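Student: So the sequence shown is numbered by the working numbering: it starts at 139 and just counts up by one. Just so you know, even glycine gets a beta-carbon here, dropped at the ideal spot from N, CA and C. The structure presented is a predicted model; accordingly, all values stated were derived computationally and were not measured.
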Amino acid sequence: MLWRFLHPMHKEVGQNRTVNVLRKKQVILSVAFLFSFLLILFGFHSVLAQAAPGVQENVNAVATAAGVNPNVDIFTIIGRIINIALGFVGVLLLVMLVYAGFQYMTAGGNPEQVQKATTRIRNAIIGLVIVVSAFALTNFIIDQLIGAQGGFGNFISQWTQPGGFGQWGNTGGLGNAKVIEYHYPEPNQKEVPRNTAIVITFVDRIDPASFIKDWSLTNSSAIELNDDLIKIHPQNNTSQDLLANQARATVTADGRTVVIKPNEPLGNAQANVWYQVILTGGADGIKNASGTPLLLGDFDGDYVWNFEVSTEIDTSPPRVVSRMPYTPGPHYRNIVVQVNFNEPMMPISVSGFYDPNSNNPFTNITTASESNNSSQIIPGEYRISNGYKTVEFITTDECGTNSCLMTMYCLPADSTIRTTVKAADLSATPPQAAEIGPFGFNGAVDMAGNSLDGNNDGNAQGPGTDDYHPDFIFSTTAETYLQGPVIQIIEPEILKGQVELDKDVEITFDTPLLGYSINNESFRMTATGPQETDPNTWWFFSKFMHLNDQGTEVQSGQEPKKSRVSVSHRPYLPSEAPTANQTVWDSLNLYSPNVNHQLMNVYQNCFNPAKSELPPPDTAKTGSPNICNGQNTNLDCEQSPYWKP
Numbered sequence: 139m140l141w142r143f144l145h146p147m148h149k150e151v152g153q154n155r156t157v158n159v160l161r162k163k164q165v166i167l168s169v170a171f172l173f174s175f176l177l178i179l180f181g182f183h184s185v186l187a188q189a190a191p192g193v194q195e196n197v198n199a200v201a202t203a204a205g206v207n208p209n210v211d212i213f214t215i216i217g218r219i220i221n222i223a224l225g226f227v228g229v230l231l232l233v234m235l236v237y238a239g240f241q242y243m244t245a246g247g248n249p250e251q252v253q254k255a256t257t258r259i260r261n262a263i264i265g266l267v268i269v270v271s272a273f274a275l276t277n278f279i280i281d282q283l284i285g286a287q288g289g290f291g292n293f294i295s296q297w298t299q300p301g302g303f304g305q306w307g308n309t310g311g312l313g314n315a316k317v318i319e320y321h322y323p324e325p326n327q328k329e330v331p332r333n334t335a336i337v338i339t340f341v342d343r344i345d346p347a348s349f350i351k352d353w354s355l356t357n358s359s360a361i362e363l364n365d366d367l368i369k370i371h372p373q374n375n376t377s378q379d380l381l382a383n384q385a386r387a388t389v390t391a392d393g394r395t396v397v398i399k400p401n402e403p404l405g406n407a408q409a410n411v412w413y414q415v416i417l418t419g420g421a422d423g424i425k426n427a428s429g430t431p432l433l434l435g436d437f438d439g440d441y442v443w444n445f446e447v448s449t450e451i452d453t454s455p456p457r458v459v460s461r462m463p464y465t466p467g468p469h470y471r472n473i474v475v476q477v478n479f480n481e482p483m484m485p486i487s488v489s490g491f492y493d494p495n496s497n498n499p500f501t502n503i504t505t506a507s508e509s510n511n512s513s514q515i516i517p518g519e520y521r522i523s524n525g526y527k528t529v530e531f532i533t534t535d536e537c538g539t540n541s542c543l544m545t546m547y548c549l550p551a552d553s554t555i556r557t558t559v560k561a562a563d564l565s566a567t568p569p570q571a572a573e574i575g576p577f578g579f580n581g582a583v584d585m586a587g588n589s590l591d592g593n594n595d596g597n598a599q600g601p602g603t604d605d606y607h608p609d610f611i612f613s614t615t616a617e618t619y620l621q622g623p624v625i626q627i628i629e630p631e632i633l634k635g636q637v638e639l640d641k642d643v644e645i646t647f648d649t650p651l652l653g654y655s656i657n658n659e660s661f662r663m664t665a666t667g668p669q670e671t672d673p674n675t676w677w678f679f680s681k682f683m684h685l686n687d688q689g690t691e692v693q694s695g696q697e698p699k700k701s702r703v704s705v706s707h708r709p710y711l712p713s714e715a716p717t718a719n720q721t722v723w724d725s726l727n728l729y730s731p732n733v734n735h736q737l738m739n740v741y742q743n744c745f746n747p748a749k750s751e752l753p754p755p756d757t758a759k760t761g762s763p764n765i766c767n768g769q770n771t772n773l774d775c776e777q778s779p780y781w782k783p
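1) How many angstroms separate the CA atom of R461 from the CA atom of T505?
2) Distance, Cα to Cα, V269 vs K328?
3) Suppose you measure from the CA of Q599 to the CA of N277; what does that come to, to the nearest Å?
4) Could you give the distance in angstroms between the alpha-carbon of I451 and the alpha-carbon of Q636?
5) Tell me, please, whether the region 592-609 touches the region 622-642 by the rule of three or more beta-carbon pairs shorter than 8 Å.
6) Measure the beta-carbon distance from I516 to P550 and round it to whole angstroms, keeping in mind my assumption that it falls under 8 Å.
7) Which same chain residues end up closer than 6 Å to L231 when comparing Cβ atoms and leaving out the 5 residues on each side of it in sequence?
8) Apart from the five residues just before and just after T664, which ones in its own chain have a Cβ nearer than 6 Å to its Cβ?
9) Please determine, among T257, L726, Q384 and G228, the residue with the shortest C-alpha to C-alpha distance to G239.
10) With 16 as the cutoff for other CB atoms within 10 Å, does Q373 come out buried or exposed?
11) Return the first residue and the last residue of the alpha helix (DSSP H) that P731 is part of.
12) What does DSSP give as the partner residues of D584 in its beta bridges?
13) Identify every residue that forms a DSSP beta bridge with L685.
14) For T309 and I279, I'd like the C-alpha separation in whole angstroms.
15) Quick one, which of W353, Y526, F579 and I645 has its alpha-carbon nearest I336's?
16) Using DSSP with H/G/I as helix, E/B as strand and the rest coil, what is W677?
17) Does the beta-carbon of L639 have 16 or more other beta-carbons within 10 angstroms, so that it is buried, or is it exposed?
18) How would you write the range of the beta strand (DSSP E) that S509 sits in, first residue to last?
19) Sort out for me which residues DSSP pairs H321 with in a bridge.
20) Rounded to whole angstroms, how far is the Cβ of P323 from the Cβ of V317, which I believe are closer than 8 Å?
21) Note down, one range per segment and in chain order, each alpha helix (DSSP H) of at least 4 residues found wholly within the region 444-497.
22) Taking all protein chains shown into account, decide if M243 is buried (16 or more other Cβ within 10 angstroms of its Cβ) or exposed.
23) With distances taken from CA atoms, which of Q251, D422 and A255 is nearest L235?
24) Does the distance from the CB of G393 to the CB of R521 come in under 9 Å?
25) Whose C-beta lies closer than 8 Å to the C-beta of L367 among residues of the same chain, with five residues either side of it excluded?
26) Rounding to the nearest angstrom, what Cα-Cα distance links H707 and D642 in this structure?
27) Could you tell me the alpha carbon to alpha carbon distance between R662 and D365, rounded to whole angstroms?
28) What three-state label does DSSP hand Y441 in the structure shown?
29) Looking at C-alpha atoms only, which residue of V447, G225 and N732 is the closest neighbour of I632?
30) In three-state DSSP terms, what is L312?
31) Counting only the same chain and skipping the five closest in sequence on each side, list residues whose C-beta sits under 8 Å from that of N524.
32) Using the three-state DSSP reduction, which class does N277 fall into: helix, strand or coil?
33) Who pairs with Y654 in a beta bridge, going by DSSP?
34) Could you check if H183 is buried or exposed, using at least 16 other CB atoms within 10 Å of its CB as the buried criterion?
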């Protein structure tokens, strides 16, 4: 007998196939729609990023009125809304999955209920996969919109920059070229607060017009950023430069330091963002005060560096951690007043000249001679150094020369001296200080504009209460001290091999040092070798810390006894094996730190490069002033034929 029959499930299977095809189409269309929406949003990003400041101000005003933080950008808000929506859908699908599982477990063998439960489980899983994919896609694109970058993205972009060694190309202007002394943030610095200023100190006085748009001697009140020569943008979005009216710029009284303050916080509150700063070089690039281009020759081209902005706003007031002189004295009159802070300070708030005959003398810090209940402010200059953490007062009273024939400047003899570091007036949102004019503060503030916490109670309370002065008082004699600083420890040791690629050079001296004398003239570092062929990829800068009796960093309430200088640098390049035509020495990359006589201690006495406290190998060599390969000797130092500098 032959017969045919229709399988009871055949019709249902056909229907399910149709439904599955429709569902697949719906899934594809949904993903395509979401992707297209985000792509369109991404396409408008560069246009929206260049919105006029007036529009941005209106948006911020509306955001504030609506109770939304105006510092959170629109893309972050969109991302949060989408994530919340996706999270809600995900929860519903999870509930559906649990319900379907329960339905399957309680089906009791009923084929219809088993089929329904299986279908729901499958659909819930498909839905969850779609939601997770949409979540990943959304966050990826939102991260691109807000300029967030990290991990492999940052690694790849650093190595694909132009200039020889990827992330190190066009960086020799810092230290090596004797053009840039230091800048904040530092190269590749991480976790920089969003509300930071960007500060650059040059070796020579600079032309303000290189950094300030339309600046001239007849228009010295201009403050907008010169966005033609200075580019600041997220590292992975070079089209999102800060415009002239999106940042302010000014130059300090000594003409060597430029301060750039974005009008809005950098980055966003959702993810860390890598930023890039470009100083235009070449004949038409940035210039010094005499109009000479700064980046030419071996260092021709733009100077470029990157730093990472965190998601945080800095609301911590700065503090004083140490000072010189520390004890009441009496002290030699050629000692320099020195104040050390716990974080980088805004240079325009803690550096300047006090001249009683000036129309606008600097008074945020004062050093006065006191007698008979009267006080006379001493004329002089407050200089900032050491990564903007150290301020020193140099008087105008010449009092002889040191052993290097450099002029020393002294405090009044046989006097009582008091130094006061003033806190700034507070704004409506403490610890933020109130600005006086477009770029002024009447007290000490940090890079974020937070006023000084002079009494070290963790709060900014403004002038008077938070001024740092109660015990910063000492006396002087009529004598001067003429002993220079001496090296005690150097690390890495001379001719040491297998040095870590990122290890700083550290040099410990027997006495506290003068901060402003620690620069790329007194501390230099050369790089030579087969791989070290491009001077515009080698950068370095120097900072210092004071040490206590135990040789550790001075903390608040401790007296500085000595100083340790650290020379930071671009990572060393590992040496390669010698070729058939090379000796071992010819194949090595060698790095040579040099300490020069321009270095001084707090008594303004210069360093003698031929003197050391390293233990002499032969006590019969009286004096042993010279160092030869780490050993003291009173003979000339003969260079080993195997040593290549």
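Tutor: Reading it off the structure:
1) 13 Å
2) Cα to Cα, the separation comes out at about 33 Å.
3) 41 Å
4) 40 Å
5) no
6) Contact holds; Cβ gap of about 7 Å.
7) A262, G265 and L266
8) S730
9) T257
10) Answer is buried; the Cβ neighbour count reaches 16.
11) Per DSSP, P731 belongs to no alpha helix (DSSP H); it is in the beta strand (DSSP E), L728 to V733.
12) Answer is M483, bridged to D584.
13) E691 and K700
14) Spanning the alpha carbons of T309 and I279 requires a straight line of approximately 31 Å.
15) Y526
16) DSSP places W677 outside both helix and strand once states are collapsed to three, so it counts as coil.
17) The C-beta of L639 has fewer than 16 other C-beta atoms within 10 Å across all chains shown, which makes the residue exposed.
18) I503 to S509
19) I338
20) That belief does not hold up - the Cβ atoms of P323 and V317 are roughly 18 Å apart, past 8 Å.
21) 485-488
22) exposed
23) Checking every option, the nearest Cα to that of L235 belongs to A255.
24) With contacts defined by Cβ atoms closer than 9 Å, G393 and R521 do not form a contacting pair.
25) S348, F349, L417, T418, G423 and I424
26) When the Cα atoms are used, H707 and D642 turn out to be separated by approximately 7 Å.
27) 32 Å
28) strand
29) Looking at the Cα atoms, N732 is the closest of the given residues.
30) strand
31) N478, G653, I656, K681 and F682
32) helix
33) None; Y654 has no bridge partner.
34) For H183, the pLDDT reaches just 43, beneath the cut-off of 50, and the residue's location in the model is therefore unreliable, leaving the point undetermined.
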